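Chains as they are written, first to last, in the working numbering: chain L, 138 to 299; chain X, 138 to 299; chain Z, 138 to 299; chain A, 138 to 299.
Where is the CB? At the ideal position from N, CA and C, for every residue including glycine.
Bear in mind that the values here come from a model prediction, so they are computed numbers and not experimental data.
Written below as structure tokens is the structure these notes are about.
Protein chains: 4
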Amino acid sequence: MNIRIFITGGTFDKEYNELNGQLYFKDTHLHDLLEMGRNKVAVEIRTLMMIDSLEMTAEDRALIVHQCKHCEEERIVITHGTDTISETAKVLAHAGINKTIILTGAMIPIKFGSSDGLFNLGSSIAFAQTLPAGVYVAMNGRYFNWDNVRKNKLTGIFEEVK
Amino acid sequence: MNIRIFITGGTFDKEYNELNGQLYFKDTHLHDLLEMGRNKVAVEIRTLMMIDSLEMTAEDRALIVHQCKHCEEERIVITHGTDTISETAKVLAHAGINKTIILTGAMIPIKFGSSDGLFNLGSSIAFAQTLPAGVYVAMNGRYFNWDNVRKNKLTGIFEEVK
Amino acid sequence: MNIRIFITGGTFDKEYNELNGQLYFKDTHLHDLLEMGRNKVAVEIRTLMMIDSLEMTAEDRALIVHQCKHCEEERIVITHGTDTISETAKVLAHAGINKTIILTGAMIPIKFGSSDGLFNLGSSIAFAQTLPAGVYVAMNGRYFNWDNVRKNKLTGIFEEVK
Amino acid sequence: MNIRIFITGGTFDKEYNELNGQLYFKDTHLHDLLEMGRNKVAVEIRTLMMIDSLEMTAEDRALIVHQCKHCEEERIVITHGTDTISETAKVLAHAGINKTIILTGAMIPIKFGSSDGLFNLGSSIAFAQTLPAGVYVAMNGRYFNWDNVRKNKLTGIFEEVK
């Protein structure tokens, strides 16, 4: 069972710039994470963009929809910034793609040691193999249907809307 | 959806003894791992034993079966040494428990930094929520039915038998 | 031989705020670092401020001078942001304190895993025990006299001026 | 000021073998450690052996003495297992080499995340630059003369004999 992984950036891939003390994006760390996890599920990784999800435009989301529609795989994991992850989930759901699509993110950058990214990646790859077609957000060990999830801005925890 | 986690030891929880340079077991690191992963799935953790799976006896396995049968939860994750994990899976399957039971392990101790344990724990908690009743081994991002899995001793990778 | 450690903040102690994705200061990590290093040199730690060194004022530096003058210990380590560390070294030198004072910093926050902070702390505590009275900056495994050091803004490496 | 680093093995460089769960030696991690510490002191690294110090023979020690005598550098750091580090220090002292020689080790392998190795390496490189000719053991942030040091077997801490 092949899984497609699309990278869009987000906290997952933030790095620390030693020279100016700012956080920034360089390359994705997904390959390292999958190796660290000894992943043996066949995955195809493609970086679509490398941005903070607060800066994601309608055009960016159209690109994600296009890629999900046209890739060969029926099961997709998308790494995404957590701030607008449920918005992208909604756009994907409305596009009517008959595939299992899991959006996931991280609260702490992978490079900062105690990341939740490795845990979320493990659960996302599992959900991608076992959930029926649909659009889901996977965070905190849980999965949420696209129309029933929000990030609690005060706690940083994902929760049901209803 | 509540998940029961049973700890039995294995590489997952091995520590380094500074004084004699040997690996040993002290306490489980599962609580730390779940916190690191920002897990919000309701879990109940209980340590049944803390041993190398090469030393696991029939009596030990009977205890695991008993606990799986009699706990309240319908969904169970068991951390286990990888060397005899498929043997314990077989014993559990033959016990005819109508629950979803996921056995998982690690190739590298959690305390040694680059562990696959966090990744496996994430995928196991996801599989526990989504797979139907049965006994499975979850390693390397994949899940295997209890009667179709072995650890390749040369590579350390889990694979189908058939 | 007792050593006084004064904390002033800097990259050393920056943390990642999960909720807004910004770097900020909370508590010092010096105690953890010293424990990780199994340090057994008698040290007395005191936090004087917790700021980015670009925001350090003349008043802040006067406080540092005052504390160095009046503490009991003859040997002092100061953790400091690297951007203005040589400026503070100069102010301390002009104050004419007859003690061994080592200023040190980090290019990567301690919390981000691959930090140079532990290495710099080890060398600073060693330099504090062995160098004669004077004001020094210790970075990159080296020590510099206060009047012969600058941070190369392009490389982030410390070097002699002359 | 050039420093020679001789590698002899010890806990410093132990690794975890995933396939049999044993600790073993492969390559040294000193290069990684020096890079992590952003070290800019000119060092020349040479691996002399890669063994547990409990297995070090008189012949091995003769090799270390020979190398210390004949290398170009006047300042030397030797990484060494902690169990017999003071014995090797004694042999080096009796060889009457007129150089600054620092022996250091680690209680926790570098690969296990929370190592004291990076801290000890930082302090050893500092001591090598500042101490007069002689043979010293550097552990726990301190330095000891070769004839006044022992490892407390109960605590793992280095202490004076007298």
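Subject >> DSSP-derived helix/strand/coil call for V228 of chain L >> reply: helix
Original post:
So which residues on chain A does D197 of chain Z lean against when the C-beta distance must stay under 9 Å?
Top reply: In chain order: nothing, as chain A lies at least about 26 Å away.
**OP:** Take the Cβ of H166 of chain A as the centre, count every other Cβ of all protein chains shown within 10 Å, and call the residue buried at 16 or more, exposed below.
**Re:** buried
Subject >> Best match in A:N176, A:T267, A:Y161, A:N139 for proximity to N257 of chain Z [C-alpha to C-alpha] >> reply: A:N176
Original post:
Which first and last residues belong to the beta strand (DSSP E) in which E181 of chain X is found?
Top reply: 180-188
**OP:** Pull up the DSSP beta-bridge partners for E192 of chain X, would you.
**Re:** According to DSSP, E192 of chain X bridges with nothing at all.
Original post:
At least one CB of chain A closer than 8 Å to the CB of S255 of chain Z: is that the case?
Top reply: Checking the sequence, you will find Leu at residue 255 of chain Z rather than Ser. So yes, L255 of chain Z belongs to the interface.
Original post:
For I262 of chain Z, which three-state DSSP category applies?
Top reply: helix
Subject >> Minimum C-alpha distance to C205 of chain A - residue among A:D220, A:H231, A:L191, A:M244 >> reply: A:H231
Subject >> Chain-ordered chain L contacts of T148 of chain Z [CB-CB under 7 Å] >> reply: G158
Original post:
Using a beta-carbon distance below 8 Å, is F249 of chain L in contact with chain Z?
Top reply: yes
Subject >> Any C-beta of chain X under 8 Å from that of E317 of chain A >> reply: Only positions 138 to 299 of chain A appear in the structure, and residue 317 of chain A is not among them; the question remains open.
**OP:** Pick helix, strand or coil for L300 of chain X, following the three-state DSSP scheme.
**Re:** Since the displayed chain X opens at 138 and closes at 299, residue 300 of chain X lies outside it and no answer follows.
Subject >> In DSSP terms, what G278 of chain Z is bridged to >> reply: None; G278 of chain Z has no bridge partner.
**OP:** To the nearest angstrom, report how far apart V178 of chain Z and D169 of chain A are at their CA atoms.
**Re:** 26 Å
**OP:** Verify whether the separation of the beta carbon atoms of L191 of chain Z and G218 of chain Z is less than 8 Å.
**Re:** yes
Subject >> Beta carbon of F295 of chain X nearer than 8 Å to that of V274 of chain X >> reply: yes
Original post:
Quick one: Cα of I140 of chain L to Cα of N157 of chain Z, how far?
Top reply: 31 Å
**OP:** Assign M138 of chain A to buried or exposed, taking buried as 16 or more other Cβ atoms, counted over all protein chains shown, within 10 Å of its Cβ.
**Re:** exposed
Subject >> Best match in X:D189, X:K236, X:D220 for proximity to H207 of chain X [C-alpha to C-alpha] >> reply: X:K236
**OP:** Report yes or no: is there a C-beta of chain Z within less than 8 Å of the C-beta of Y161 of chain L?
**Re:** no
**OP:** Please go through the same chain and pick out, in chain order, the residues whose beta-carbon is closer than 6 Å to the beta-carbon of K288 of chain A, but skip the five residues on each side of it.
**Re:** T219, F295
Original post:
Taking 8 Å as the CB-CB limit, is G242 of chain A close to chain X?
Top reply: no
Subject >> Status (buried if at least 16 other CB within 10 Å, exposed otherwise) for Q323 of chain A >> reply: Absent from the model: residue 323 of chain A. The displayed extent of chain A is 138 to 299, so no value can be given.
Original post:
Quick one: which chain Z residues come within Cβ less than 9 Å of I188 of chain L?
Top reply: By Cβ distance, chain Z contributes nothing, its closest Cβ being about 13 Å from I188 of chain L, past 9 Å.
Original post:
Where DSSP assigns a beta bridge to F162 of chain L, which residues make up the other side?
Top reply: L:K151
**OP:** Flag E155 of chain Z as yes if its beta-carbon sits less than 8 Å from any beta-carbon of chain C, otherwise no.
**Re:** Any reference to chain C falls outside this structure, whose protein chains are L, X, Z and A.
Original post:
Within this structure, are the beta carbons of F149 of chain L and A263 of chain X separated by less than 8 Å?
Top reply: no
**OP:** May I ask you to list the residues that DSSP assigns as paired with E123 of chain A?
**Re:** Here chain A covers residues 138 to 299 and nothing more, so residue 123 of chain A does not appear.
Original post:
For the candidate residues A:K248, A:M173, A:S261, whose alpha-carbon lies nearest to that of R212 of chain A?
Top reply: A:S261
Original post:
In its own chain, which residues sit with a C-beta less than 6 Å from the C-beta of K163 of chain A, not counting the 5 before and 5 after it?
Top reply: E152
Subject >> Cβ of G271 of chain X within 8 Å of any chain L Cβ >> reply: no
Original post:
Which of the three DSSP states, helix, strand or coil, is assigned to R141 of chain Z?
Top reply: strand
Original post:
Cβ of G293 of chain A less than 8 Å from any chain X Cβ?
Top reply: yes
Original post:
Which residues bound the alpha helix (DSSP H) around L171 of chain L?
Top reply: 167-173
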